[in-house]
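Following: one structure in structure tokens, then a few remarks.
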Amino acid sequence: MRRFLQNGSSLLFRRQTNILSAAFVIMVTYGLSQVMGLIKTRLLISYFFGSKAAILDIYYAAFVIPDTLFQLLVIGSLSAAFIPVFTRYLSKSQSQAWYIASASLNLVLLAFFLLSLVIFAFAPFFSRLIAPGFNLGQISVMASLLRVMLVAQLFFTVSSFLTAIIHSHQRFLIPALAPIVYNLGIIAGTVFLSPALGIFGPAVGVVLGAFFHMALQAPLTFRLGFRPQALLDWRHPGVKETLRLMPPRALALGIDQIEMFVAVFLASLMASGSLTLLNVARLLYAIPSTLFGVTLGQAAMPTLSRLSSDSDQQAFRRTLVDTLLQAVFFALPLSILFIVLRVPIVRLVFGSRSFPWAATLTTGKTLAVLASAATFTAIMQLVVRAFYALHDTKTPLFIGLAAAAFDVTLAVVATRVFGLGVIGLALAISVTAVLETFVLFAFLSRRLHLDPPLASRLVTSLAKLGITGLITGFSLWLPMRFLDQFVFDTTRTLPLIALTFSTSIIGLIVYLFLSFLFRVNELSAFVALLQRLFSLGRQLTSPPPAEPIILPAPDQN
């Protein structure tokens with residue numbers, strides 16, 4: 001046990017110096033976080049769906065405004081502005097880098113606090129604005145929940161800066177563990193506080209989870225050398241550059257949030273529980289893009305930023321293409337699995353007495369529509385970060401503006417004209433994501449001037465993966481239909497698990513075999529991940545090193 005704990009500590013603080021290594025660390029921990037998120041959602045459904053479906057709609061609607069404020073001020077300043085600037089200063093002067101970190105954090109925290117006071121005071125007005133279909137009692141509950149959520153976002157503001165600092169030092173494990181403790185907080189609030197506080201139990205859990213999200217990362221940032229300073233210096237060149245880069249990214253994220261506002265607005269006019277069903281489907285839909293798009297994007301961001309600063313365009317292009325193909329290779333089979341096995345997966349993950357068959361079918365259809373765009377969303381996560389590494393925040397902004405207008409129009413037409421309900425909202429999200437990804441990549445390709453050999457490899461690899469995915473989808477559908485009709489009684493849980501597991505294994509084998517047959521280069525990334533997984537087990541049980549393992553930093557020349 002002592003050996004396990006010593007080696008575990010070494011892994012926690014270890015530096016990941018290549019994209020696949022960093023992505024693997026984030027991927028495993030994000031996978032655990034996704035599992036915790038699914039457990040959290042199942043508990044929420046068990047406690048509050050059924051006869052209380054409306055109250056869960058209110059809970060999800062209350063997240064939108066605090067989350068939007070957080071996305072605009074915090075995420076906007078980090079991904080596009082703070083990380084590239086901080087990384088550049090870190091390679092030159094650590095003291096200046098820490099100064100910029102403190103100044104940026106304090107300025108963003110102050111702005112968030114002041115805006116939160118306004119939203120706190122006028123919470124009922126904002127609640128009515130985005131959920132006109134709720135009655136007065138529901139608006140009152142939503143306003144109270146909204147105020148609680150604002151407290152959580154203050155903790156997330158600090159925590160997100162800590163994450164950015166840690167990522168800039170190419171350490172990814174502890175930040176990736178933070179969402180797990182966040183979900184644990186909500187689970188604890190749901191289980192232990194809901195009997196006394198009702199829907200405010202999980203809301204208090206959100207605050208607790210956000211606090212622990214921050215507390216988990218604080219020790220490592222102190223170990224790296226960060227010491228918060230009480231200063232508000234917006235005149236420092238690095239801080240000014242960060243503030244200059246923030247608005248386009250913040251506006252782009254604000255545009256992304258329009259999708260959520262429209263979803264809440266339209267879902268509040270639908271049947272009770274509609275917003276919950278959409279969120280449940282979106283939780284599953286987000287898994288491929290989070291596990292493979294976000295993780296590879298986060299892992300690649302420091303490398304892409306460094307290559308951009310070094311003006312090494314050829315290495316930048318090669319790194320981008322390699323990472324993009326890896327994202328597609330991993331996200332594609334999971335997306336296809338969600339499309340084909342949509343109903344069994346929804347029943348297994350969320351099925352309970354309070355989640356009726358009609359809700360399962362609607363969620364399954366919604367998931368299938370969303371999952372058709374999941375791989376494109378994973379690509380988009382990487383492409384957008386490539387723009388930010390190039391210090392270009394305007395191109396994603398303008399493309400996002402057009403995409404938001406298209407999304408709103410399509411959502412209104414699909415739901416109010418054709419009456420497609422939640423599925424119409426999912427259709428608008430999916431079609432918009434696919435088109436936006438194509439346009440973003442077209443602009444990025446033109447900017448990078450992909451050389452013919454690299455462009456040819458990209459197109460050829462994507463074609464191979466596309467054909468492999470289509471055949472894999474058929475190989476999933478055929479055994480699922482056969483096993484469902486002739487082998488398993490899927491009205492019971494254990495046979496349903498057996499059907500889902502056996503069909504998934506068949507699909508995975510077919511996908512890997514075809515990848516080998518078509519000589520898909522990204523198959524080596526899968527093998528590397530397996531090797532790292534086995535290596536992780538050996539490291540945890542082998543004798544600890546005499547000194548902490550610190551891998552050498554990449555050559556800056």
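So for the sequence shown, UniProt numbering puts the first residue at 1; every next one is plus one. Using N, Cα and C, we set each Cβ at its ideal position, and we do this for glycine too.
Which listed residue (the options) has its alpha carbon closest to that of residue i
{"i": "Leu-145", "options": "Leu-337, Ser-159, Tyr-59 and Ser-311", "result": "Tyr-59"}
{"i": "Leu-337", "options": "Leu-478, Ile-399 and Leu-435", "result": "Leu-478"}
{"i": "Ile-65", "options": "Phe-265, Ala-286, Val-527 and Leu-332", "result": "Phe-265"}
{"i": "Thr-363", "options": "Val-413, Asn-279 and Val-151", "result": "Asn-279"}
{"i": "Val-439", "options": "Thr-493, Ala-123 and Gly-400", "result": "Gly-400"}
{"i": "Phe-226", "options": "Ala-414, Ala-178, Phe-330 and Ser-95", "result": "Ser-95"}
{"i": "residue 564", "options": "Thr-490, Pro-124 and Ala-371", "result": "This structure does not reach residue 564, given that the chain is present from 1 up to 557, and the question cannot be answered."}
{"i": "Phe-112", "options": "Phe-126, Leu-73 and Ala-81", "result": "Leu-73"}
{"i": "Leu-422", "options": "Ser-127, Arg-128 and Met-260", "result": "According to the sequence as given, residue 422 is Val; it is not Leu. The shortest Cα separation from Val-422 among Ser-127, Arg-128 and Met-260 belongs to Met-260."}
{"i": "Ala-143", "options": "Phe-156, Ile-199 and Asp-489", "result": "Ile-199"}
{"i": "Arg-385", "options": "Gln-34, Pro-84, Leu-56 and Ser-46", "result": "Pro-84"}
{"i": "Phe-24", "options": "Ser-274, Gly-209 and Ala-176", "result": "Ala-176"}
{"i": "Thr-377", "options": "Ser-168, Gly-254, Phe-292 and Tyr-511", "result": "Phe-292"}
{"i": "Leu-38", "options": "Leu-523, Ala-286 and Met-480", "result": "Ala-286"}
Inter-residue spacing [alpha-carbon to alpha-carbon] between residue i and residue j
{"i": "Phe-501", "j": "Val-349", "result": "13 Å"}
{"i": "Phe-49", "j": "Ala-373", "result": "28 Å"}
{"i": "Arg-342", "j": "Phe-441", "result": "29 Å"}
{"i": "Gly-424", "j": "Thr-68", "result": "23 Å"}
{"i": "Ala-525", "j": "Ala-54", "result": "45 Å"}
{"i": "Leu-458", "j": "Phe-443", "result": "16 Å"}
{"i": "Asn-135", "j": "Leu-397", "result": "36 Å"}
{"i": "Gly-189", "j": "Ser-352", "result": "20 Å"}
{"i": "Met-36", "j": "Leu-44", "result": "12 Å"}
{"i": "Ser-461", "j": "Leu-325", "result": "7 Å"}
{"i": "Ala-218", "j": "Ile-166", "result": "10 Å"}
{"i": "Leu-245", "j": "Phe-82", "result": "8 Å"}
{"i": "Ala-368", "j": "Lys-464", "result": "23 Å"}
{"i": "Thr-276", "j": "Ala-359", "result": "10 Å"}
{"i": "Phe-222", "j": "Leu-216", "result": "12 Å"}
{"i": "Ala-97", "j": "Trp-357", "result": "55 Å"}
{"i": "Phe-268", "j": "Ser-475", "result": "This sequence places Ser at residue 268; Phe is not what is there. Distance between the alpha carbons of Ser-268 and Ser-475: 39 Å."}
Helix, strand or coil at residue i according to DSSP, with G and I counted as helix
{"i": "Phe-222", "result": "helix"}
{"i": "Phe-70", "result": "helix"}
{"i": "Phe-355", "result": "strand"}
{"i": "Gln-313", "result": "helix"}
{"i": "Leu-288", "result": "Leu is not the amino acid found at residue 288; the sequence shown has Pro there. Pro-288: helix per DSSP, three-state reduction."}
{"i": "Pro-545", "result": "Below a pLDDT of 50, predicted positions are generally treated as unreliable, and Pro-545, at 40, falls in that range; the measurement from the model is reported next regardless. Three-state result, Pro-545: coil."}
{"i": "Gln-6", "result": "Residue confidence is low: Gln-6 scores 47 on pLDDT, short of 50, so the model does not pin down where it sits. No coordinate-derived value is stated."}
{"i": "Val-431", "result": "helix"}
{"i": "Gly-185", "result": "helix"}
{"i": "Ile-199", "result": "coil"}
{"i": "Gly-238", "result": "helix"}
{"i": "Ala-152", "result": "helix"}
{"i": "Gln-170", "result": "coil"}
{"i": "Glu-436", "result": "helix"}
{"i": "Ala-178", "result": "helix"}
{"i": "Phe-450", "result": "According to the sequence displayed, residue 450 carries Leu and not Phe. Coil, per DSSP."}
Whole-number beta carbon distance between residue j and residue i, since they are thought to touch under 8 Å
{"i": "Val-207", "j": "Val-141", "result": "Not a contact, Cβ separation roughly 17 Å."}
{"i": "Arg-347", "j": "Leu-499", "result": "That belief does not hold up - the Cβ atoms of Arg-347 and Leu-499 are roughly 10 Å apart, past 8 Å."}
{"i": "Val-520", "j": "Thr-468", "result": "7 Å"}
{"i": "Ala-411", "j": "Val-262", "result": "5 Å"}
{"i": "Thr-375", "j": "Val-328", "result": "6 Å"}
{"i": "Val-431", "j": "Ile-258", "result": "With a Cβ gap of about 15 Å, Val-431 and Ile-258 do not count as contacting."}
{"i": "Ala-210", "j": "Phe-155", "result": "4 Å"}
Cβ-heavy atom distance, residue i to the ligand SAH, below 7 Å
{"i": "Phe-406", "result": "As far as ligands go, the structure on display features none, and thus does not contain the ligand SAH."}
Subject >> Three CB pairs or more closer than 8 Å across the region 294-302 and the region 376-387 >> reply: yes
Original post:
Contact between the region 178-194 and the region 87-103: three or more CB pairs below 8 Å?
Top reply: no
**OP:** Determine, using beta-carbon pairs with one atom in the region 108-116 and one in the region 155-163, whether at least three such pairs fall under 8 Å.
**Re:** yes
Subject >> Three CB pairs or more closer than 8 Å across the region 301-309 and the region 387-394 >> reply: yes
**OP:** May I ask you to verify whether the region 311-322 touches the region 442-456, counting CB pairs closer than 8 Å and requiring at least 3?
**Re:** yes
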